[in-house]
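Numbering-wise, this note's numbering comes out as the position in the sequence shown, counting from 1, plus 72.
We put the beta carbon where it would ideally sit given N, CA and C, even for glycine.
Worksheet for the structure shown next.
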Amino acid sequence: MVERLIRNQQIVSSILTVGLIVKEESMKTESQVQSEIKKTVESNPVVIYMKGTREAPQCGFSAATINALQSYNVPIHVVDILADMQAREGVKKFTNWPTIPQVFINGKFIGGCDIVTEMHENGELEPLIKEAVKS
Ligand SMILES: N[C@@H](CCC(=O)N[C@@H](CS)C(=O)NCC(=O)O)C(=O)O
Numbered sequence: 073m074v075e076r077l078i079r080n081q082q083i084v085s086s087i088l089t090v091g092l093i094v095k096e097e098s099m100k101t102e103s104q105v106q107s108e109i110k111k112t113v114e115s116n117p118v119v120i121y122m123k124g125t126r127e128a129p130q131c132g133f134s135a136a137t138i139n140a141l142q143s144y145n146v147p148i149h150v151v152d153i154l155a156d157m158q159a160r161e162g163v164k165k166f167t168n169w170p171t172i173p174q175v176f177i178n179g180k181f182i183g184g185c186d187i188v189t190e191m192h193e194n195g196e197l198e199p200l201i202k203e204a205v206k207s
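Next comes the structure, spelled out in structure tokens:
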């Protein structure tokens, strides 16, 4: 009985160790995360880091922001930070901005929900987006 318990414990411990190794191997370094974000925002004209997907936003701020961007009918590169914890913290560090969503146009950080919504409503966003997708 005791031997079986010890054996079971050893099996559980081995499974946990393998799990940790797999997790560690799939983790990127901070510098890899930062260069990946840089590459993403510089190689796509319009990028949003948001909670959830464009079809199913998981937060009202992300929903309002992606809706505003989608009204321009241009390609939008979406990064779902709920599926990538390293991107979630990494993008905040990249911009020194504490919240999600975050929108980039032509590699430049524009802002979050409040700023993008205001620019959408006052007409400042449209020329930026149109220019970005042209180049
Ligand atoms: N006023 C912000 C609202 C966004 C916001 O407050 N986001 C929060 C809640 S969704 C957030 O990102 N918290 C940090 C986190 O969840 O990592 C904006 O204009 O974007």
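Going along the chain, which residues of its own chain have a beta-carbon closer than 8 angstroms to the beta-carbon of residue i, five neighbours each way excluded?
i, result
"L154", "K123, G124, Q130 and R160"
Whose CA, out of the options, lies closest to the CA of residue i?
i, options, result
"H149", "I138, Q158 and N168", "I138"
"V151", "T189, E198, K111 and I120", "I120"
"A204", "P147, S85, T167 and Q104", "P147"
"N178", "L88, R76, V113 and S86", "V113"
"I182", "N194, I87, R79 and T167", "T167"
Let me know if residue i comes out buried or exposed under the rule of 16 or more other beta-carbons within 10 Å of its beta-carbon.
i, result
"N116", "buried"
"L197", "buried"
Looking only at its own chain, which residues have a Cβ that is under 6 angstroms from the Cβ of residue i, when we skip the five neighbours before and after it?
i, result
"Y144", "I201"
"I83", "none"
Can you give me the start and stop residues for the beta strand (DSSP E) that residue i sits inside?
i, result
"K180", "K180 to G183"
Below 7 angstroms CB to CB, which residues in the same chain sit around residue i once its five sequence neighbours on both sides are set aside?
i, result
"M73", "none"
"A135", "P129"
The alpha helix (DSSP H) spanning residue i covers which residue range?
i, result
"I177", "First-last for I177: Q174 to I177, but that is the beta strand (DSSP E), not the alpha helix (DSSP H)."
"P199", "L197 to K206"
My parser needs the alpha helix (DSSP H) runs of 4 or more residues fully inside the stretch 108-163; what are they?
132-142
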